[in-house]
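Chemist: Sharing a structure with you now.
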Amino acid sequence: MGKLVLGAWPGGTAYADHLNAKLRDFVGRQQMMFVRTGERDEAHLRAGTPGFVRALDAWRLTWPEYGVEIKDGDRVGVLFVDLVQELVGIHVNGRASLVEPAAMRAAHPELGLVNERWAVVDVEGVIVQPSPQRYIRAQSRCVTT
């Protein structure tokens with residue numbers, strides 16, 4: 002069904018159509034991410050304690066959605082950047098849906114008490130870029146005051 006392209010990521014950019022076990026573990030440890038919808042030219046920060054964003058399986062990501070930026074059916078891009086331990090940037094692209102609390106509790110009791118709407122992204126593509134700090138440095142040189 003899917004191709005498991007991603008093993009160890011040092012060395013070069015890697016692509017996949019889903020989240021392998023290593024990437025699902027990585028996502029579960031993150032405390033922040035940036036979310037961009039296809040209709041906007043801006044990204045929004047989402048943050049919380051480790052585990053606030055989770056991979057439900059190899060094909061779906063979820064997090065509590067407090068904002069109103071995401072609508073059912075939106076194309077979204079989610080960016081995770083780790084500049085301390087893994088030194089990697091991970092882009093997850095897919096299509097979003099919003100799930101109400103009662104439906105999320107029924108479908109995923111392992112999430113515990115669920116009182117907010119949840120964004121669920123059906124993963125269509127994953128890009129892993131090692132050494133994201135070089136891209137950040139390059140972008141910061143382009144910004145003028």
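Heads up, the sequence shown stops at 146 in my numbering, and the numbers go up one at a time, no gaps. Here a beta-carbon is modelled for each residue, glycine too, at the ideal position from N, C-alpha and C.
Suppose you measure from the CA of E43 to the CA of N94; what does that come to, to the nearest Å?
Modeler: For this step, residue 43 is matched to residue 42 along the sequence shown. For this step, residue 94 is matched to residue 93 along the sequence shown. Cα to Cα, the separation comes out at about 15 Å.
Chemist: Output the distance between the C-alpha atoms of R47 and T14, rounded to the nearest integer angstrom.
Modeler: Here residue 47 refers to the residue found at position 46 of the sequence shown. Here residue 14 refers to the residue found at position 13 of the sequence shown. Each residue's Cα considered, the two are about 25 Å apart.
Chemist: Can you tell me where the alpha helix (DSSP H) holding P1 begins and where it ends?
Modeler: No answer is possible for residue 1: the residues shown for the chain start at 2 and end at 146.
Chemist: If we call anything under 8 Å between Cβ atoms a contact, is V115 one with L62?
Modeler: Counting from one through the sequence shown, the residue named residue 115 turns up at place 114. Counting from one through the sequence shown, the residue named residue 62 turns up at place 61. Not in contact: V115 and L62 (Cβ atoms no closer than 8 Å).
Chemist: Cβ atoms of A107 and I71: under 8 Å apart, would you say?
Modeler: Within the sequence shown, the letter at position 70 stands for residue 71. Within the sequence shown, the letter at position 106 stands for residue 107. No, they are not a contact pair.
Chemist: If we count the other Cβ atoms within 10 Å of its Cβ and call it buried at 16 or more, is G113 buried or exposed?
Modeler: For the purposes of this step, residue 113 is taken as residue 112 along the sequence shown, with counting starting at 1. Exposed, since its Cβ has fewer than 16 Cβ neighbours within 10 Å.
Chemist: I need the straight-line Cα distance from L88 to M33, nearest angstrom please.
Modeler: For the purposes of this step, residue 88 is identified with residue 87 of the sequence shown, where counting begins at 1. For the purposes of this step, residue 33 is identified with residue 32 of the sequence shown, where counting begins at 1. Distance between the alpha carbons of L88 and M33 is about 15 Å.
Chemist: Following the continuous beta strand (DSSP E) through R148, name the residue where it begins and the one where it ends.
Modeler: The structure shown does not extend to residue 148, since the chain is modelled only from 2 through 146, so no value can be given for it.
Chemist: Residue range of the alpha helix (DSSP H) that V54 falls in?
Modeler: By one-based count along the sequence shown, residue 54 stands at place 53. Neither: V54 is in no alpha helix (DSSP H) and is coded neither H nor E.
Chemist: Label G90 either buried or exposed according to how many other C-beta atoms from any shown protein chain fall within 10 Å of its C-beta, with 16 as the threshold for buried.
Modeler: Working through the sequence shown from its first residue, we reach residue 90 at position 89. It is buried - the Cβ of G90 has at least 16 other Cβ atoms within 10 Å.
Chemist: Applying the 10 Å Cβ sphere with the 16-neighbour rule, what's the burial state of V85?
Modeler: Working through the sequence shown from its first residue, we reach residue 85 at position 84. Answer is exposed; the Cβ neighbour count stays below 16.
Chemist: Please state whether DSSP places L24 in a helix, a strand or coil.
Modeler: By 1-based counting over the sequence shown, the position of residue 24 is 23. It is helical.
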